[in-house]
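Undergrad: Questions regarding the structure given below will be posed in turn.
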Amino acid sequence: MTSAALIVVNYGSSALLERNLVPLAESAPWLRVHVVDCFRDPAEQAAVRALAEEHGWQTLLLERNLGFGGGVNRGADAAIADGAEVILVLNPDATLPAASARALVDAAATDPETLVSPVVLRPDGSIWSGGMDLHLDDGSLSGIRFRERNGDRPRRMWVSGACFAISAALWRRVGGFDEDFFLYWEDVDLSHRILDAGGRLVIDDTITAVHDEGGTQQSVDPGRARSELFYYYNIRNRLLYAARHLDAETYRQWRRSTLRVSYGTLLGGGRRQLVRSIAPWRALARGMRDGLRGKVGP
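Here is the structure:
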């Protein structure tokens, strides 16, 4: 049987680990669980340690918050050093049946040049992520299920980091997540580098996970205002991605469309928040400024 490790990055969400991770770990004892804790709170870390000791998980208590990508990288390093051949990454606010975990791991083991993701659903059964397109003409995003609507616009597929499996060999070859992104767009960047390295991205629509959208800082709920950090990092990191991966002319196109695309990001949280709070506008201004300056990290 393929040696597989499950990586979960915790940030103040030990209650979610108990609710979502414990059932998966108990029903899939073949998975070696690595919980990476980025939240420097003694009570929270004590809760994580207690869960880990009770259920036999490995824990990494980081000295500082390295962001989602940095947390996954540290967990993957530990798992691979421990002999893992396949890495399974899961958000703490997501649920994954053991059979789905097995199917993802088997798919990545069978084709080690492929990153495999399930269709990620919301609790109401609607699609949260079933693969995404990055539109290369302006840097906007849409689900691959809307390709017919978007016509022949140039695009590049990417896969959400909320749940995926990847072979240790492919992970090492592409270097894992780029920690400069800190939060958001690290999965867009990873998808880009996998494709550039000759790998493949696969959404297996026979496998599903469920993302509880209210769970963590990384949650995306179209019906509610999103956090200032969500807006800031999405707006900033779009420009960071462009500077890393696009030719000069396309990068200039993205710069010219930054205000329009960034405003669209704000609208994703609803119009009401835009008249009730200055936070989204502050995030827009800071995100555009720092993105154009090339600021990285937290």
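Just so we're aligned, residue 1 is where the sequence shown starts under the numbering used here, counting upward by one.
Note that beta-carbon positions come from the ideal geometry of N, C-alpha and C, so glycine has one too.
Note that the coordinates shown come from a computational prediction; the quantities given were computed from them, not determined experimentally.
With DSSP as the reference, label Asp152 as helix, strand or coil.
TA: The count along the sequence shown starts at 1 and reaches residue 152 at position 152. In this structure, Asp152 counts as coil in the three-state DSSP scheme.
Undergrad: Just verifying my parser: in three-state terms, what is the DSSP assignment at Val116?
TA: For this step, residue 116 is matched to residue 116 along the sequence shown. Residue state, collapsed to three classes: strand.
Undergrad: Within 8 Å, do at least three Cβ pairs link the stretch 2-22 to the stretch 53-72?
TA: A contact exists between the stretch 53-72 and the stretch 2-22.
Undergrad: First and last residue of the beta strand (DSSP E) that includes Gly143?
TA: Start at 1 with the first residue of the sequence shown, and residue 143 comes out as number 143. Bounds of the beta strand (DSSP E) holding Gly143 are 141-143.
Undergrad: Run through DSSP, which three-state label would Arg40 get?
TA: On the sequence shown, residue 40 is found 40 positions in, with the first residue counted as 1. Arg40 falls in the coil class under three-state DSSP.
Undergrad: On the three-state DSSP scale, how would you describe Tyr11?
TA: Here residue 11 refers to the residue found at position 11 when the sequence shown is read from its first residue. Coil.
Undergrad: Let me know the secondary structure DSSP gives Met132 once reduced to three states.
TA: The residue labelled residue 132 in the question sits at position 132 within the sequence shown. Met132 falls in the strand class under three-state DSSP.
Undergrad: Buried or exposed: where does Gly223 fall if 16 or more other Cβ atoms within 10 Å of its Cβ makes it buried?
TA: Along the sequence shown, read from residue 1 onward, the residue named residue 223 stands at position 223. With a pLDDT of only 45 at Gly223, under 50, the local geometry of the prediction cannot be trusted, and the value read off the model is given with reservation. Result: exposed.
Undergrad: Excluding the five sequence neighbours on either side, which residues of its own chain have a C-beta within less than 6 Å of the C-beta of Asn65, listed in chain order?
TA: On the sequence shown, residue 65 is found 65 positions in, with the first residue counted as 1. So the list reads Cys38, once near-sequence residues are dropped.
Undergrad: Leaving aside the five residues before and after Arg272 along the sequence, list all residues of the same chain whose C-beta is less than 6 Å from its C-beta, in chain order.
TA: Counting from one through the sequence shown, the residue named residue 272 turns up at place 272. Counting only Cβ-Cβ distances below 6 Å, and skipping sequence neighbours, we find nothing.
Undergrad: Looking at Val296 and Phe177, is the spacing between their C-beta atoms short of 9 Å?
TA: Mapped onto the sequence shown, residue 177 falls at position 177. Mapped onto the sequence shown, residue 296 falls at position 296. Contact flag unset, no.
Undergrad: Using three-state DSSP, classify Trp281 as helix, strand or coil.
TA: Start at 1 with the first residue of the sequence shown, and residue 281 comes out as number 281. Correct three-state label for Trp281: helix.
Undergrad: Here's the rule: buried if 16 or more other CB atoms are within 10 angstroms of the residue's CB, otherwise exposed. What is Phe230?
TA: Here residue 230 is taken as the residue at index 230 of the sequence shown, counted from 1. That one is buried.
Undergrad: Would you decide whether Asp205 is buried or exposed? Buried here means 16 or more other CB atoms lie within 10 Å of its CB.
TA: Residue mapping note: residue 205 aligns to position 205 of the sequence shown, counting from 1. Its Cβ having fewer than 16 others within 10 Å, Asp205 is exposed.
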